[in-house]
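Asker: Below is one structure. I have some questions about it.
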Amino acid sequence: MNRSFRHWGNSFINLLFPKVCTVCRNTLVEGEDIMCIDCLLKLPKTTFASYYSNELTDRLVSLKAPVTKANSLYYYVAGTPYVRLIHDAKYNRRPIVARNLAETHAKEMSAKGFFDDIDVIIPIPLHFTKQWMRGYNQSHEIAIGLSRVT
Ligand SMILES: [Zn+2]
16 MNRSFRHWGN SFINLLFPKV CTVCRNTLVE GEDIMCIDCL LKLPKTTFAS
66 YYSNELTDRL VSLKAPVTKA NSLYYYVAGT PYVRLIHDAK YNRRPIVARN
116 LAETHAKEMS AKGFFDDIDV IIPIPLHFTK QWMRGYNQSH EIAIGLSRVT
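First residue of the sequence shown: 16, per our numbering; consecutive thereafter.
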């Protein structure tokens, strides 16, 4: 009964304030959280998950970073609507975007064993004035999303 009431309450709120896709701005349907299924399927995903050494690890190694493996979910392509995901996560007070993308990424990477030899996930600290102004550290939100799955 309580669950049904919550469902109808959420439906009513969504009727008044519909959730929209962060990428295309179309109205989301039940089961969609930050982006619609169409945008999720068209996400400019990397193929890094399939390779131990990839474009990202090569770039980090060239910067003399002590990296054994690295991965990213999708390419950041300036000028595309997908940029809104990063901007919302960092600047538009939507930490849920960072958490949700991290969960999506972690699900894919866990299936490939990426996290099998990783013991700890440590978010990159943010300067306290930036964190105070932003209200959160997006890196911490990503770590939460990763840890929920792993
Ligand atoms: Zn969309």
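For each residue, glycine too, the CB sits at the ideal point set by N, CA and C.
In this text the structure is predicted, and so the values were computed from the model without any measurement.
(1) First and last residue of the alpha helix (DSSP H) that includes His120?
(2) Inspect the beta-carbon positions of Gln146 and Ala104 and report whether they are closer than 7 Å.
(3) Less than 7 Å between the C-beta atoms of Leu100 and Thr42, yes or no?
(4) Given the structure, does Met124 come close to ligand 1, in the sense that its CB is under 6 Å from one of the ligand's heavy atoms?
(5) Exposed or buried, which one is Arg40 when buried takes at least 16 other CB atoms within 10 Å?
(6) State yes or no: is the C-beta of Ile157 within less than 7 Å of the C-beta of Ala113?
(7) Exposed or buried, Pro81, counting other C-beta atoms within 10 Å across all chains shown (16 or more means buried)?
(8) What does DSSP give as the partner residue(s) for Thr42 in the beta ladder?
(9) So, Lys127 versus Ala64, is the Cβ gap smaller than 7 Å?
(10) May I ask you to report which of helix, strand or coil DSSP gives Lys105?
(11) Look at Ile136 and Leu161 and say whether their C-beta atoms are less than 7 Å apart.
Answerer: Taking the geometry as given:
(1) Stepping through the sequence shown from its first residue, residue 120 is reached at position 105. It spans Pro110 to Ala126 - the alpha helix (DSSP H) in which His120 sits, taken as one unbroken run.
(2) Looking up residue 146 in the sequence shown gives position 131. Looking up residue 104 in the sequence shown gives position 89. No. Outside cutoff.
(3) What you label residue 100 is simply residue 85 of the sequence shown in a count that begins at 1. What you label residue 42 is simply residue 27 of the sequence shown in a count that begins at 1. The Cβ atoms of Leu100 and Thr42 lie no closer than 7 Å to each other.
(4) On the sequence shown, residue 124 is found 109 positions in, with the first residue counted as 1. Because no heavy atom of ligand 1 lies under 6 Å away, the Cβ of Met124 does not count as near it: no.
(5) Along the sequence shown, one-based indexing puts residue 40 at 25. Exposed, by the Cβ-count rule.
(6) The sequence position of residue 157 within the sequence shown is 142, counting from 1. The sequence position of residue 113 within the sequence shown is 98, counting from 1. Yes; because the gap between Cβ atoms is below 7 Å, this pair is in contact.
(7) Position 66 of the sequence shown holds residue 81. Exposure of Pro81 is indicated by the presence of fewer than 16 other C-beta atoms within 10 angstroms of its C-beta.
(8) Sequence index remark: in the sequence shown, residue 42 carries index 27 (1-based). In the DSSP output, where bridge partners are listed per residue, Thr42 has Val35.
(9) Reading the sequence shown from its first residue, position 112 is the one you call residue 127. Reading the sequence shown from its first residue, position 49 is the one you call residue 64. Yes, the Cβ-Cβ distance between Lys127 and Ala64 is below 7 Å.
(10) Residue 105 sits at position 90 when you count from the first residue of the sequence shown. The three-state reading of DSSP puts Lys105 in helix, counting H, G and I together.
(11) One-based indexing of the sequence shown puts residue 136 at position 121. One-based indexing of the sequence shown puts residue 161 at position 146. It is a contact, given that the beta carbons lie within the stated cut-off.
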